[in-house]
Amino acid sequence: LENKQIKIFLGNESGLIKLILTNGLEKNENCSNTNAIERKKYYHLFDNSLSHIINAYQLPVFITGTSSCINEFVAITQNGHSIIEYIPVETIEINSTMIKKIMWPHIMNWNKVKDILILRNMRRAAQQNKLVAGMHEVWITAVKRNVNKLIIDDDIYTDIKQFQLPINLLNNNSENKFPFYINDLVDDVIEKALKDNCEIEFCSKGMLANHGHIALIKNY
627 LENKQIKIFL
637 GNESGLIKLI
647 LTNGLEKNEN
657 CSNTNAIERK
667 KYYHLFDNSL
677 SHIINAYQLP
687 VFITGTSSCI
697 NEFVAITQNG
707 HSIIEYIPVE
717 TIEINSTMIK
727 KIMWPHIMNW
737 NKVKDILILR
747 NMRRAAQQNK
757 LVAGMHEVWI
767 TAVKRNVNKL
777 IIDDDIYTDI
787 KQFQLPINLL
797 NNNSENKFPF
807 YINDLVDDVI
817 EKALKDNCEI
827 EFCSKGMLAN
837 HGHIALIKNY
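Going left to right, the sequence shown walks through residues 627 to 846 as the working numbering numbers them.
Quick look at the structure:
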């Protein structure tokens with residue numbers, strides 16, 4: 627965020643790509659001179675563009691800019707669930723070289739960034755009554771083909787006794803057989819999600835310990 631214009635960069639392992647905005651955000655040279663109402667309209671326009679970008683790329687977002695710009699944007703954004711961090715800077719003009727330097731300390735642990743975004747999306751889904759957690763409930767929802775995103779903890783096979791499995795899936799209640807049924811059940815859920823072209827994300831070990839090590843976000 628700059629006083630005179632807004633720039634959006636898409637980052638990957640190769641570097642930064644500047645996205646071309648077609649709604650006039652980059653051409654607005656009067657933002658810093660307009661009144662509060664006009665600036666609010668300006669940031670709403672940007673936030674709307676950001677919503678489309680988030681839906682298209684499903685990536686974590688970092689916002690950098692002067693403190694005054696950030697404060698005004700925070701007050702109106704509808705995309706807080708995807709914004710990992712706001713990074714204030716003193717400079718007015720920001721270029722790609724500066725962004726790389728500014729961003730590196732915040733993205734060097736990329737797995738942590740991904741985990742934060744997953745938890746944010748889960749929290750938002752819970753507020754919308756779209757979050758399902760635990761092996762039993764996840765499997766039932768997957769059978770009903772109501773899966774938007776499947777989230778799996780790398781520690782899913784560790785504490786297998788806590789799972790409440792659908793009784794009709796168990797041919798043998800022997801305790802030493804549980805791992806095989808857990809494997810089959812997880813594979814079955816993944817297969818159903820893939821057939822429905824759902825997104826599957828794996829998070830750090832133990833992150834979903836309070837959710838049965840597996841969760842999903844429903845379509846509706």
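Every residue gets a Cβ at the ideal spot worked out from N, C-alpha and C, and that includes glycine.
For residue i versus residue j, is the C-beta spacing smaller than 8 Å?
i, j, result
"Val769", "Leu842", "no"
"Ile646", "Leu636", "no"
"Ala751", "His837", "no"
"Met775", "Cys695", "Checking the sequence shown, residue 775 turns out to be Lys, not Met. Contact: no."
"His707", "Asn747", "yes"
"Lys831", "Asp780", "yes"
"Trp765", "Val687", "no"
"Leu627", "Phe699", "yes"
"Ile782", "His839", "yes"
"Asn705", "Ile680", "yes"
"Thr723", "Lys844", "no"
"Met734", "Leu811", "no"
Tell me whether residue i sits in a helix, a strand or coil according to DSSP, three-state version.
i, result
"Gly706", "helix"
"Ile843", "strand"
"Val715", "coil"
"Lys821", "helix"
"Asn721", "coil"
"Ile632", "coil"
So, at 7 Å on beta carbons, what are the nonlocal neighbours of residue i in its own chain, with the 5 sequence-adjacent residues on each side left out?
i, result
"Ile728", "Thr690, Ile713, Val715"
"Met833", "Asp741, Asp779"
"Phe828", "Ile778, Asp780"
"Val739", "Pro686, Ile710, Ile733"
Once you ignore the five residues that flank residue i on each side, which residues in its own chain have a CB closer than 8 Å to its CB?
i, result
"Thr626", "The structure shown does not extend to residue 626, since the chain is modelled only from 627 to 846, so the question has no answer here."
"Arg771", "Lys818, Asp822"
"Ile744", "Ile777, Glu827, Cys829, Met833"
"Tyr846", "Lys756, Asn772"
At what residues does the alpha helix (DSSP H) containing residue i begin and finish?
i, result
"Met667", "The identity of residue 667 in the sequence shown is Lys, whereas the question assumes Met. Note, Lys667: alpha helix (DSSP H), 662-683."
Residues in the same chain with beta-carbon distance under 6 Å from residue i, minus the five sequence neighbours each way, listed in chain order, please.
i, result
"Ala819", "Val773, Leu776, Ile826"
"Ser693", "Pro714"
From which residue to which residue does the beta strand (DSSP E) around residue i run?
i, result
"Ile643", "641-645"
"Ile689", "687-691"
When you measure from the CB of residue i to every non-hydrogen atom of the ligand ATP, does any distance come out below 7 Å?
i, result
"Gly760", "Annotation note on the ligand ATP: not contained in the displayed structure, which lists no ligands."
>> Runs of 3 residues minimum, wholly inside the segment 726-784: which ones carry the beta strand (DSSP E) assignment?
In response: The beta strand (DSSP E) runs lying completely inside the segment 726-784 and spanning 3 residues or more are 757-759, 775-779, given in chain order.
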